[in-house]
Amino acid sequence: MTGRSGTGTDAGTAPAGRGRRERLRAETTAEIKDTALRLMASGGPDAITLRAIAREMGMTANAIYGYFATRDDLVTTLIDDVYSALADAVDTAWTHAPAEDPAARILAWAGAFRTWALTNPEGFRLVYGDPVPGYRAPEGGPAPDAARRVCTGLAGLAAAAWPFAEPLYRDSAFTWSDFDAGLLDKVRPAFPELPPAGVALALRVWGHLHGLVALEVYGHLGRQTASPDKLFQEELARLVTTLGVPRTDRSGPPGSRTR
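In the working numbering, the protein residues as written are 630 to 888.
What follows is the structure, given as structure tokens:
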């Protein structure tokens, strides 16, 4: 009975001990990532070093290496985290907008992208802004699934608009050879009906969205206008109009705030 009792005690305490260690490790890992983004916010991409993070957290550099073997491993994890969060945000906005209302879907996706970027400026900069000096991404990129989801989301905006926009782009000279093979590997399986002009349209839409959002995230737009939200919403309204996409009551009036 003593042996069985001893075995039972070991079995009962070991999982609890492992659970506590796993919880503490997860909390420390999260703190490391938060500290890295905070350092980047104040000092730019150069500030992301394991030694600097260890100093901020009151840890030794060797202790940090127990969580991330290299600085590049940490950067890859950060990019995957923030890019996946963006993909989740725009995917959710897209799926919650009515499928029969392409204008509402475009406005929802674009609004979610801007909201995420303004809420997570360091994440935006990490994915779309300043490169981290010396960083070497793993083969296939640091966040291949998130990149595919965002890319196909943009293509989805163009595909939703294409039935209305096609007459405006009949003279397009774009061919498949004009695009990166990796881009086409993501887009064509998801939207086989989208022609080269439709893929070019997706990139134009991206230019509209990314340009204004980047200006706002980096603080340049705020120096020029006290109403960046109004500027963004009116730009979206004009974009939808130039695509020939009809707006329904659910799409909201021109200039209305995307929710």
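Note that the Cβ used here is the ideal one computed from N, Cα and C, for glycine as well.
Values in this document were obtained by computation on a predicted structure and should not be read as measured data.
Could you pull the start and end residues of the alpha helix (DSSP H) that residue i belongs to?
i	result
residue 834	825-846
residue 713	700-725
residue 686	679-686
residue 861	857-871
residue 694	690-694
residue 753	750-757
Looking only at its own chain, which residues have a Cβ that is under 8 Å from the Cβ of residue i, when we skip the five neighbours before and after it?
i	result
residue 728	734
residue 660	686
residue 846	746, 747, 750, 753, 754, 758
residue 854	860
residue 851	845, 857
Given a threshold of 16 other Cβ atoms within 10 Å of its Cβ, counted over all protein chains shown, does residue i qualify as buried or as exposed?
i	result
residue 859	exposed
residue 723	buried
residue 805	exposed
residue 809	exposed
residue 831	buried
residue 730	buried
Determine the direct distance from the alpha carbon of residue j to that of residue i, and round the result to whole angstroms.
i	j	result
residue 828	residue 812	9 Å
residue 695	residue 725	41 Å
residue 849	residue 823	35 Å
residue 862	residue 736	9 Å
residue 717	residue 870	27 Å
residue 657	residue 698	15 Å
residue 732	residue 707	33 Å
residue 743	residue 833	17 Å
Please go through the same chain and pick out, in chain order, the residues whose beta-carbon is closer than 6 Å to the beta-carbon of residue i, but skip the five residues on each side of it.
i	result
residue 837	868
residue 741	718, 719, 722
residue 803	825, 826, 829
Spatial neighbours of residue i within its chain, please: CB distance less than 7 Å, with the 5 preceding and 5 following residues excluded, ordered by chain position.
i	result
residue 872	790, 793, 794
residue 701	764, 765
Are there three or more Cβ pairs, one per stretch, closer than 8 Å when the segment 655-672 is compared with the segment 705-713? yes
The segment 683-697 contacting the segment 733-751, beta-carbon criterion three pairs below 8 Å: no
Does the count of Cβ pairs from the segment 787-804 and the segment 758-778 closer than 8 Å reach three? no
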